[in-house]
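Here is the structure we will look at.
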Amino acid sequence: MPTLNWIGKEKVVSHHLEVPYRVLDRKYTFGDTPDSGNMIIHGDNLEALKALLPEYENRIKCIYIDPPYNTGASPENGGWIYYDNVNDPHIRKWLGKIVGAELDDLSRHDKWLCMMYPRLVLLQKLLSDDGAIFISIDDNELANLKLICDEIFGSRNFVDLFSWNKTETPANLSHKSKKAVEYVLCYLKAPNTIKFKGLSKNSVSNNGLMNQTNAVHELIFPPNQIDTNLKDGIYRAGKYGTDSYDIYLIEDTEVKDGFFIKPIKLKGKFKWGQDNLNKEIAAGTLVSIKTKAFSPSYEKREYEPEVPWNYISKKFGVQTNENASEELTTIFGEKVFNFPKPPSLIEYLVNFLCDKSDIILDSFAGSGTTAHAVLNLNKQDGGHRKFILCEMCDYAENITAERVRRVMKGYGASTGSAPAVEGTGGSFDFYELGETIFDPATGNLNDNADTEQIRRYLWFSETNAPYPTTEGDAMNRISTHPYYLGTHQHNNYYFYYIKGEETCLDWDFLNTFTEQDRAEMYIIYADRCVLTEEEMMKLNIRFKKIPRDIKRV
């Protein structure tokens, strides 16, 4: 398989191993549910991804990222608020530290590749075995991105290059072509037989009424010939000349995109009786009312999932950049971000493979579109999907998080007391990157780091399994011992650590064990140990010294 080389590659291929592990410092909770699973993390996304490993490695079903396109634009020269040419001060500082004197020799493509490679490596680790990653990109770095993704994810895990119709008014910048599409590169974590789910397709059947209990029914009217303003329980429809025809409600209904989405009753010249009409609607018949006499033409349709097309447009309900900008301006009341992605694009991609309780990660969060999309999906189907956003820029709080707050509460101008767009509800926790686990000067554990976060890190470094926090879990939380971490593969783990004090594995410590602590093997971390090798072998104890024996993730 061909691989891509560039200046600085040898410095970044294994750099994820050298990234310091930082704890996540929760600053606040928005909403009524702390630890809801929804997270917004402000800080270097490389360090944020490393911080997520102990709890989320191999657990993220869907990753969507919209990294810098490397167009050469920046805020200083009239470009995006998001640094798009990899000249963000944080990135330049990081590049200078990692590649050293070679920084000045790097082209903008070298810099972009150095920035992307270790982040993609960590994203691959976080992705679940049945998961997929979607990466928005344009033609500036598409070829390079495809090659490094082949290297990191494996060329056999390439799914497709989806083309997205990003605009209906493309600019004539090159005077040779108008760029109306961008791309979404998709890779699996591992080969699998999962079938991606697109929109429903209709197959026409003339074999009588449908047997499906969840059949779809719609009533379609000619364009611009329905007045959806309810008055005295009546919708006006079929305005031909001086005549008008009434549609009466059987029960409260609503109209969406020109369709009635609950049963209705027709009054007018209609060749079916009401009983027959009700029967046809209940059976899922698609009724089109296109004539003055309300004479129906209808088809019986069955609905089943369709594998998605690799061209994404409004045909599939996916909006453009212009729509996304209008929506974001409505949310904030002013323009705050250039070229945001529409939530409908991410909703469409997420629905390819995600169930109602999966986790969706976006490590280039920008204006927070991914969270908006996840909240929309949960509102539509009552799901419990979770989002994790990482954003390194200073607007993480006043744009990214603020957008999510407004989407949850509702937004937009309204004539009444309620917002124009109803809130989705929900909660999230906002984090900053905190202390490193290890003191960079001494290599010892950092006493300023939160002990619980150190425990999570240690558990992950030992077991590569999610941290056991559920009380009463028979497999992982069988003991109430204060220094007990959990049980993994019949081994009990203990972290005997007290800030500012030296701990010792001795008989006094072992005498604190109870019947709950019985296990096949005991792995005990402490500062020192006075037991003999013979005593530990007899008791099935394995001593590990703090910090020497703590693995560096």
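Taking the numbering used here, the leading residue of the sequence shown gets 6, the next gets one more, and so forth.
Glycine residues also receive a C-beta, built at the ideal position from the N, C-alpha and C atoms.
None of the values given here were measured: they were computed from a predicted structure.
Between the region 185-198 and the region 161-176, are three or more C-beta pairs nearer than 8 angstroms?
Segments in contact, yes.
Could you round the C-beta distance between residue 381 and residue 407 to whole angstroms and report it? I think they count as a contact, below 8 angstroms.
Not confirmed; about 17 angstroms, so no contact.
Helix, strand or coil for residue 119, going by three-state DSSP, please let me know.
Of the three classes helix, strand and coil, the one that applies to residue 119 here is helix, per DSSP.
Have a look at the DSSP bridge pairing and note the partners of residue 317.
Beta-bridge pairing links residue 317 to 169.
Could you check whether residue 535 and residue 513 sit closer than 7 angstroms to each other, using their CB atoms as the reference points?
Not a contact, by the Cβ cut-off of 7 angstroms.
To the nearest angstrom, how far is the alpha carbon of residue 342 from that of residue 333?
Using only the alpha carbons, I get a separation of about 8 angstroms.
Run through the region 381-429 for me and flag every whole alpha helix (DSSP H) of 4 or more residues, listed as ranges in chain order.
Runs found: 407-414.
What does the alpha-carbon distance come out to for the pair residue 347 and residue 436?
Approximately 25 angstroms between the Cα atoms of the pair.
Could you give the first and the last residue of the continuous alpha helix (DSSP H) run that contains residue 364?
Note, residue 364: premise wrong, no alpha helix (DSSP H); beta strand (DSSP E) at 364-367.
Rounded to whole angstroms, what is the Cα-Cα separation between residue 387 and residue 362?
Residue 387 and residue 362: Cα-Cα distance of roughly 10 angstroms.
For residue 43, which of helix, strand or coil comes out of DSSP?
Coil, per DSSP.
What does residue 189 pair with, by DSSP beta-bridge criteria?
Answer is 141 and 167.
Assuming residue 68 contacts residue 139 under a Cβ cut-off of 8 angstroms, what Cβ separation, rounded to an integer in Å, is found between them?
Yes, residue 68 and residue 139 are in contact; Cβ-Cβ is about 7 angstroms, under 8 angstroms.
Note down the Cα distance separating residue 183 from residue 350, rounded to an integer number of angstroms.
The alpha-carbon atoms of residue 183 and residue 350 are separated by roughly 21 angstroms.
Considering Cα atoms alone, identify which of 486, 172 and 38 is closest to residue 323.
Ranking the options by Cα distance to residue 323, first place goes to 172.
With DSSP collapsed to three states, give me the class of residue 6.
Looking at residue 6 - three-state DSSP - the assignment turns out to be coil, as it is neither helix nor strand.
Which of the three DSSP states is assigned to residue 531 in this structure?
Strand.
How would you write the range of the beta strand (DSSP E) that residue 514 sits in, first residue to last?
Residue 514 -> not in any beta strand (DSSP E); alpha helix (DSSP H) instead, spanning 512-515.
Alpha carbon to alpha carbon, how far is residue 472 from residue 485? Give it in angstroms, no decimals.
One C-alpha to the other measures close to 16 angstroms.
How many Å lie between residue 526 and residue 555 at the Cα?
Going from the Cα of residue 526 to the Cα of residue 555 covers about 18 angstroms.
Could you say which of 42, 21, 24 and 46 lies nearest to residue 30 if we only look at CA atoms?
That would be 46, whose Cα lies nearest to the Cα of residue 30.
Just to confirm, are residue 61 and residue 128 a CB contact at a threshold of 7 angstroms?
No. Outside cutoff.
Could you tell me the alpha carbon to alpha carbon distance between residue 491 and residue 38, rounded to whole angstroms?
Answer to the nearest angstrom: the Cα atoms are 26 angstroms apart.
Can you list, in chain order, the residues of its chain whose CB lies under 6 angstroms from that of residue 63, leaving out five sequence neighbours each side?
Once the five neighbours on either side are set aside, the close Cβ partners of residue 63 are 133.
Would you mind stating whether residue 321 and residue 204 have Cβ atoms separated by less than 7 angstroms?
In this structure, residue 204 lies closer than 7 angstroms to residue 321 by Cβ.
Bridge partners of residue 70, per DSSP?
140.
Checking 7 angstroms against the spacing of the C-beta atoms, do residue 50 and residue 145 come in under that value?
Contact: no.
Looking at residue 185: is its Cβ nearer than 7 angstroms to the Cβ of residue 175?
Taking 7 angstroms as the Cβ cut-off, residue 185 and residue 175 qualify as a contacting pair.
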